[in-house]
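Protein chains in written order, with numbering that gives the first Met the number 0: chain A, 0 to 503; chain B, 0 to 503; chain C, 0 to 503.
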Amino acid sequence: MIYRRSLSFVVVLLIWPAIVCGETPPLSDATQECLECHAIFHPGIVAGWEKSRHAAITPAEALQAEGLALKVSSKNIPEDLQKVAVGCAECHNLRPEAHGAGTFEHNGYDVHTVVSPDDCRTCHAVEADQYSRNVMAHAYANLVDNTVYNQLEHSILGNRTLEKGQLKTAAPDMATREEACLYCHGTALKVSGTEVRDTDAGELEFPVTEGWPNQGVGRINLDGSKGSCSACHTRHSFSIEVARKPHTCKECHVGPDVPAFKVYSASKHGNIYSSKKQEWDFKAVPWTVGEDFTAPTCATCHVSLLVNTDEEVINERTHEMKNRLSWRSFGLIYAHPQPKSPDTTIIRNKDGLPLPTDLEGGFADKYLLSPEEQAAHTQTMQATCLACHGTSWVEGHFRRYHNTIKRTNAEILTLTDMMREAWQLGFARGLDQGANPFDESVERQWSDAWLFYANNVRFAAAMAGGGDYGVFADGRYHLTQSTIDLHAWLERKKAVEALKAGKQ
Amino acid sequence: MIYRRSLSFVVVLLIWPAIVCGETPPLSDATQECLECHAIFHPGIVAGWEKSRHAAITPAEALQAEGLALKVSSKNIPEDLQKVAVGCAECHNLRPEAHGAGTFEHNGYDVHTVVSPDDCRTCHAVEADQYSRNVMAHAYANLVDNTVYNQLEHSILGNRTLEKGQLKTAAPDMATREEACLYCHGTALKVSGTEVRDTDAGELEFPVTEGWPNQGVGRINLDGSKGSCSACHTRHSFSIEVARKPHTCKECHVGPDVPAFKVYSASKHGNIYSSKKQEWDFKAVPWTVGEDFTAPTCATCHVSLLVNTDEEVINERTHEMKNRLSWRSFGLIYAHPQPKSPDTTIIRNKDGLPLPTDLEGGFADKYLLSPEEQAAHTQTMQATCLACHGTSWVEGHFRRYHNTIKRTNAEILTLTDMMREAWQLGFARGLDQGANPFDESVERQWSDAWLFYANNVRFAAAMAGGGDYGVFADGRYHLTQSTIDLHAWLERKKAVEALKAGKQ
Amino acid sequence: MIYRRSLSFVVVLLIWPAIVCGETPPLSDATQECLECHAIFHPGIVAGWEKSRHAAITPAEALQAEGLALKVSSKNIPEDLQKVAVGCAECHNLRPEAHGAGTFEHNGYDVHTVVSPDDCRTCHAVEADQYSRNVMAHAYANLVDNTVYNQLEHSILGNRTLEKGQLKTAAPDMATREEACLYCHGTALKVSGTEVRDTDAGELEFPVTEGWPNQGVGRINLDGSKGSCSACHTRHSFSIEVARKPHTCKECHVGPDVPAFKVYSASKHGNIYSSKKQEWDFKAVPWTVGEDFTAPTCATCHVSLLVNTDEEVINERTHEMKNRLSWRSFGLIYAHPQPKSPDTTIIRNKDGLPLPTDLEGGFADKYLLSPEEQAAHTQTMQATCLACHGTSWVEGHFRRYHNTIKRTNAEILTLTDMMREAWQLGFARGLDQGANPFDESVERQWSDAWLFYANNVRFAAAMAGGGDYGVFADGRYHLTQSTIDLHAWLERKKAVEALKAGKQ
């Protein structure tokens, strides 16, 4: 639906200078030109930006903040950018060469649609560097370049058809992959050509970008950089408030494979957040425990710069979230120490598979944190806990969590031993038989157990997410049910085989 | 628990005139009389109403709003109603003849308990008309008068008993139906008699209304009208704020059969709503994108009158929600174009069944939107998207959504082909065998796939609800699992039959 | 992570007296000493407390409230406690002898870590007494001392290993129990020794308390008292606002075994709460229906002191929640009248088992509310309903709810009859065979039906939680599916047995 807006153009031209006056910082000429049309065509984008800190302050002013309050970490922001608000052009016209075919001529400017972490790095260099070492930045290749994960994705996303009574699984099409796994992991953007669109401003040519739209955490951008800051710093307000609230993390961490939000919202921490958040300050930098908030959100424990009421640092800001984590407790068959490198494609277990454990639960030690490194990460995390809890509370909590890691791994070992027996006996066809190990009924029963139930139990343990949740909401009840059901299936198969053998 | 309140009566009589003074509009004598007792007996109802716009303004004042701000769409509101606040009597004493046996004498007035859309029409005629063409208004008959849906309801709600080892399913009793399907679809109200109740004001006679209480969207009212405005415009504040917030829709759109709220709350849109809603204006009419809110709620995309910051209309208000929808993606075996008529009982597929598709997935074209009509509806919806997103973003989104419609329909075809084979081979008894097609184990596996999993995938696609949700939360993982499990079951049944045959 | 804070000590010493001046009440010397260190070590705890009513008012001032506004129910609060704010020492240094080995010498004071209901009783005697009669206070023994529940816990929490192809279930370890069932039910605290910790203030000795941390509702405290007020009155603000919001109850009432929060949030009541709570007064005592809130939360119906706008009592405050409940609809095989005693370990059904019903659904009448007592409890609950709903509405609602109790019990009877036949035929091993009745595949199918699905249906009925939720979200669809699936399993087992018999 396109409106005739020739008159509106004039109105906006008259209004913008008025807005620019007063307390708001000056806009660049280029940004003013953008706003003249886009305020009408995309009022939501412009209004979102107008409410942002980017519109309210220049980098030069931001640089005047002292000490821990400093939000802009780059030392060498170009002079011309420092003096104007961070508007449309300051980001979308930045580094046109770097964005290659993504850059197009638009009303006299070289513009690119997809702003990347390397654009944001202009002002936020430390955060961009940290994030590049975060496993999330590598989420695309970590999924796409792992042969075992490929098989899981293939089994989940591929359409099934019947051919002479047999199920055939087609390779998943790209649109499905983009909407499914790559929604969170990120797509690989690629310009495949150009197209002419009939706009209110006449015919204009735009690049056609495969993989767009996407805001996945490991998006491969047209400038070669990895990630999308707007995955968490939601465009176009890029609000620290939104990033610090747990609903942001929920976008990707809500399903039974990674139920962080569900467990949080059932925890004491989540209860306090839900009940009291209206009285908290989500914008303060640094973030003062007790004063600005009285219970942690996801960001508190995993990312934010925290201080006590004396402005002493409790935890440094990090966008490399592994720094506060010792165990990786979801997404794989067994919980295991965090990988050393954010590039997990390099990992090989003792059987040569790109997995951090072998099927018996042994760790691929060489690629994972050592116990000493784990202890250091745990201590970093605990510094935050200790701001509100006594030592005995914190130690008791972690003692239970580590016990749960051990216990759930043991239960999964029992399940996996049965799965391996099924493969060996020919009741199902797994990797050793050259088959996809995730595409038969019994294999899904097995993957339910580690992909969903053991995860849920561990998340509830890690986040003190409540006994009820960890027991009954896809938790311990269902984990042990999986073991019981898989065992019953195996016994029945053996009985049938014995019956057949007896007949022959 | 009944209190003695004879003294309170006097107090209220003294207080009400005081309240009436000042800025609040005059109350009718009848409403004043209602309030004298009911403020004490039902303080929650009265307090809710006191906070409403109905209590704060007369229709005459409301009619002075100009242009898009006008909330009262009727041209011929009776003079006497225009001059007083919209109080108890203005609605509950309206059109006493129309409400038939539902109208009863009460302290000298002809009162009816259940206010209907035809009562609301007195001031809100356009909305009442639109809603009467909304499929929701027809939700009662669309369920109750469809023989196939009847069988699904029967299978889900009917109590099962064992008779000589066989399961017998009783027809569901009315109280269960009212509490289950008809809670949302609406009950058919019917006055079955009268009863005398001992009240604080002495013995009084009231009608006994079967099907009450109910606020279902397709309630059959005692005046013959269909629907319940209070399903969304929650009594007794009838707040536009509440109707515009997604929690209202959640009342009926939350289970795995229609997981709109769950998908929304896991989406970027839902994240922004959850994080920023405290700063939005949910009462503004018209509703300005970017200024009043920065991310859509359910109402934004499906109902509300939207304008840009120049007060240019982005989308007209509609209470006939189909106008912005091209596909119906839930509740039936296959996704299909929206039906043309809100009365879906008239639909017949090629096999003569009252279903919008046949079992092979073919559309009952005659009763469904044509591709051209679908395109027009999509364009209407996209006008809203484009307020915050560029063309390439919006087109990319819809390309993926339409691909997902196609892919999920293809997967369900594979499942349905297996189900049909099972019926043909006598492994289960379906429609062709004169049996309920939803009451055997394997039939429920089949209905799980289309009633829950394919739906979830489509909702996640339609609403950009997140990869994690659409993959793992009753989504693609479980959809393909259904196919795998149903195939394994079919193979096992065939093997057993072959074994039996070999023995004979 | 421990900081050097010798300088900070001095700063705090200077600041605290300043805070004490002005409108805040005087602090005891002991509390001032606590704060000197703990404001730095645990800023979150101190900040939480500073925002509490305990920090803002002395008991003497609190006692000046009149009538229904009085929050402090004890008649004999010690003089010295009355004159100072309720700070650290007022609770943690209270009754040192009573806490036995939990009390330790700390900087010259006798301190205990775990504050108990008998500490809180000092000011809140009536509430402590009520709570001691609440079934929640007995949640530890009610679980741990019931031989049947033990078997359920054992089956859910015990790790399984394979021994010669057979599954063996180990007894669950204590850390797992504490994190799982006892998280909500409460742990039994016990001092097992002492340990020396190296703190900023030098080496200090602390007791080692098994079962810590825990805030379960039936925690067995070191002074022998039962429960943890902070389960709901979250430390260290102990806010009535938090306790009245439904997120508190969600901590333990969210899983499919007791889905109160989920059902609430899908109900009309939950919708209104979610949409309008920002305008309500969650701190007012008494709590005025309509004025302070316009829809109930959990606390409204189950706990709070409610008045109408004339300050007439609608319902008295109770911490013995059974007083407003007639049926116990979750956690056990059949819904049944509430037990008379909060100690449910004394219950014996006709077969001598510690269950409130027998397997045929008959009630253990002697231990349960009589129909007359049930009617009285229902009437108490309905007094709250009637504040916002007419009599016909309320009666209609309860008629459906009671019908649903009957219908779900009937469906569970059919399922249990099949389960008992399976035990009798030797297809599974139950109590009569000296086996755990919850540890085989088919037994879990059976427990799914009553532990999850029948519950969900009843909660949706009790709380008007929506047709969609009660039908499709682990509700009636899944309940009847359980019956169908269990019947199919039983038929298959019989067929196999017949086949085997035919071969012999």
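Yeah, the Cβ is synthetic: ideal placement off N, Cα and C, and Gly gets one too.
Among C:R176, C:S191 and C:V190, which one has its Cα closest to the Cα of C:H184?
-> Along the third sequence, read from residue 1 onward, the residue named residue 184 of chain C stands at position 185. Comparing Cα positions, the closest option is C:R176.
On a CA-only basis, which of A:V85, A:H41 and A:S72 is nearest A:T30? Give me that one, please.
-> As a position in the first sequence, residue 30 of chain A is number 31, starting the count at 1. Closest option to A:T30, Cα to Cα, is A:V85.
Chain-ordered neighbours of A:C387 on chain C, where CB pairs are closer than 7 Å | Taking the first sequence and counting its residues from 1, the one referred to as residue 387 of chain A is at position 388. Correct list: H41, G43 and I44.
Should B:Y263 and B:G464 be called a contact, given that it needs their Cβ atoms to be closer than 8 Å?
-> Translated into the one-based positions of the second sequence, residue 263 of chain B becomes position 264. Translated into the one-based positions of the second sequence, residue 464 of chain B becomes position 465. In contact: B:Y263 and B:G464 (Cβ atoms closer than 8 Å).
C-beta neighbour in chain A for C:G257, strict 8 Å = Numbered from 1 along the third sequence, position 258 holds the residue referred to as residue 257 of chain C. The residue you asked about is not Gly; residue 257 of chain C is Val in the sequence shown. So, interface residue.
Can you grab the Cα-Cα spacing for the pair A:H252 / A:W445, in whole Å?
-> By 1-based counting over the first sequence, the position of residue 252 of chain A is 253. By 1-based counting over the first sequence, the position of residue 445 of chain A is 446. When only Cα atoms are considered, A:H252 and A:W445 end up about 22 Å apart.
Write down the C-beta distance between C:S72 and C:V125 rounded to the nearest angstrom, noting that I regard them as a contact closer than 8 Å.
-> For the purposes of this step, residue 72 of chain C is taken as residue 73 along the third sequence, with counting starting at 1. For the purposes of this step, residue 125 of chain C is taken as residue 126 along the third sequence, with counting starting at 1. With 8 Å as the limit, C:S72 and C:V125 qualify as a contact, their Cβ atoms being about 4 Å apart.
Using the beta-carbon of each residue, which ones in chain B are nearer than 9 Å to A:S440?
-> As a working mapping, residue 440 of chain A is identified with position 441 in the first sequence. Near A:S440 (Cβ distances below 9 Å), the residues of chain B are Q480, I483, D484, H486, A487 and W488.
Indicate whether the contact test is met: 3 or more Cβ pairs, each with one atom in the region 102-115 of chain B and one in the region 72-81 of chain B, closer than 8 Å.
-> no
Which same chain residues, not among the five before or five after B:K321, have their C-beta less than 6 Å away from its C-beta?
-> In the second sequence, residue 321 of chain B corresponds to position 322, counting from 1. Q337, listed in sequence order.
Reference B:V312; option with closest CA among B:T344, B:A100, B:G66 and B:T343 = Position 313 of the second sequence, counting from 1, holds the residue named residue 312 of chain B. Answer by Cα proximity: B:G66.
In angstroms, rounded to a whole number, what distance separates the CA positions of A:T247 and A:I219?
-> Residue mapping note: residue 247 of chain A aligns to position 248 of the first sequence, counting from 1. Residue mapping note: residue 219 of chain A aligns to position 220 of the first sequence, counting from 1. So the alpha carbons of these two residues sit roughly 21 Å apart.
Between C:Q381 and C:T296, what straight-line distance do the alpha-carbon atoms span, to the nearest angstrom?
-> Translated into the one-based positions of the third sequence, residue 381 of chain C becomes position 382. Translated into the one-based positions of the third sequence, residue 296 of chain C becomes position 297. Cα to Cα, the separation comes out at about 15 Å.
For the beta strand (DSSP E) that contains C:N75, what are its first and last residues?
-> Reading the third sequence from its first residue, position 76 is the one you call residue 75 of chain C. Here C:N75 belongs to no beta strand (DSSP E), and DSSP marks it neither H nor E.
Do C:G395 and B:W211 have their C-beta atoms closer together than 8 Å?
-> Counting from one through the third sequence, the residue named residue 395 of chain C turns up at place 396. Counting from one through the second sequence, the residue named residue 211 of chain B turns up at place 212. Going by C-beta atoms, C:G395 is nearer than 8 Å to B:W211.
Using 8 Å as the limit for Cβ to Cβ distance, is C:A497 near chain A?
-> Start at 1 with the first residue of the third sequence, and residue 497 of chain C comes out as number 498. Taking Cβ atoms only, chain A never reaches closer than 8 Å to C:A497, which makes this a no.
Quick one: which residues of the region 240-253 of chain B get their C-beta closer than 8 Å to a C-beta of chain C? List them in chain order.
-> E240, V241, K244, H246, T247, K249, E250, C251, H252 and V253
Give, in chain order, every unbroken run of the beta strand (DSSP E) that is at least 3 residues long and sits entirely within the region 304-358 of chain A.
-> 312-314
Would you mind working out which of B:R457, B:R347, B:F437 and B:A500 sits nearest B:G157, comparing C-alpha positions?
-> Here residue 157 of chain B corresponds to residue number 158 of the second sequence, with the count starting at 1. Minimum Cα distance to B:G157 is reached at B:F437.
Member of C:R399, C:K50, C:G466 and C:S154 whose CA lies at the smallest distance from the CA of C:A265 = Within the third sequence, numbered from 1, the residue matching residue 265 of chain C stands at position 266. The residue with the shortest Cα to Cα distance from C:A265 is C:G466.
Step through the CB atoms of chain C and report whether any lies within less than 8 Å of the CB of A:T296.
-> The count along the first sequence starts at 1 and reaches residue 296 of chain A at position 297. No, because no Cβ of chain C sits closer than 8 Å to the Cβ of A:T296.
Nearest neighbour of B:N408, chosen from B:L450, B:A375, B:K275 and B:A494 [CA to CA] | For the purposes of this step, residue 408 of chain B is taken as residue 409 along the second sequence, with counting starting at 1. Per the Cα distances, B:L450.
Report the partner residues of B:T287 according to the DSSP bridge assignment.
-> Here residue 287 of chain B refers to the residue found at position 288 of the second sequence. Note: B:T287 sits in a beta bridge opposite B:V306.
Contact set between the region 403-415 of chain B and chain C, restricted to residues whose Cβ is under 7 Å from the partner = Of all residues in the region 403-415 of chain B, none has a Cβ within less than 7 Å of some Cβ in chain C.
Mind reading off the beta-carbon distance from B:T102 to B:V114? Whole number of angstroms is fine, and I expect it under 8 Å.
-> The residue you call residue 102 of chain B lines up with position 103 of the second sequence. The residue you call residue 114 of chain B lines up with position 115 of the second sequence. Not really, about 12 Å apart at Cβ, beyond 8 Å.
Under 8 Å, do C:L324 and C:P355 count as touching if we go by C-beta distance?
-> Indexing the third sequence from 1 puts residue 324 of chain C at position 325. Indexing the third sequence from 1 puts residue 355 of chain C at position 356. Not a contact, by the Cβ cut-off of 8 Å.
State the DSSP-derived secondary structure class of B:T296, mapped to helix, strand or coil.
-> Counting from one through the second sequence, the residue named residue 296 of chain B turns up at place 297. B:T296: coil per DSSP, three-state reduction.
Simplified DSSP state of C:Q214, which is helix, strand or coil | As a first step, residue 214 of chain C is located in the third sequence; it is residue number 215 there, counting from the start. In this structure, DSSP gives C:Q214 a state outside helix and strand, which the three-state scheme calls coil.
Would you please verify whether the beta carbon of B:E199 is less than 8 Å from any beta carbon of chain A?
-> On the second sequence, position 200 is the one that residue 199 of chain B refers to. The sequence given here places Asp at residue 199 of chain B; Glu does not occur at that position. No, its Cβ sits nowhere closer than 8 Å to a Cβ of chain A.
Relative to the alpha-carbon of C:Q480, which residue among B:L166, B:I411, B:Q81 and B:C119 has its alpha-carbon at the smallest distance?
-> Along the third sequence, read from residue 1 onward, the residue named residue 480 of chain C stands at position 481. Closest by alpha carbon: B:L166.
What is the DSSP secondary structure of C:D364, counted as helix, strand or coil?
-> Here residue 364 of chain C refers to the residue found at position 365 of the third sequence. Three-state result, C:D364: helix.
When DSSP labels each residue in this structure, what does A:P171 get in the three-state scheme?
-> Taking the first residue of the first sequence as 1, we reach residue 171 of chain A at position 172. Looking at A:P171 - three-state DSSP - the assignment turns out to be coil, as it is neither helix nor strand.
By DSSP, does C:D280 sit in helix, in strand, or in coil?
-> Mapped onto the third sequence, residue 280 of chain C falls at position 281. Of the three classes helix, strand and coil, the one that applies to C:D280 here is coil, per DSSP.
How big is the Cα-Cα spacing for C:S224 and C:I39?
-> Reading the third sequence from its first residue, position 225 is the one you call residue 224 of chain C. Reading the third sequence from its first residue, position 40 is the one you call residue 39 of chain C. Answer to the nearest angstrom: the Cα atoms are 32 Å apart.
Bridge-paired residues (DSSP) for A:E194 | Sequence index remark: in the first sequence, residue 194 of chain A carries index 195 (1-based). Its beta-bridge partners are A:F205.
CB-CB under 6 Å to C:W48, same chain, minus the five flanking residues each way: which ones, in chain order?
-> One-based indexing of the third sequence puts residue 48 of chain C at position 49. Only A54 and H235 meet the Cβ criterion.
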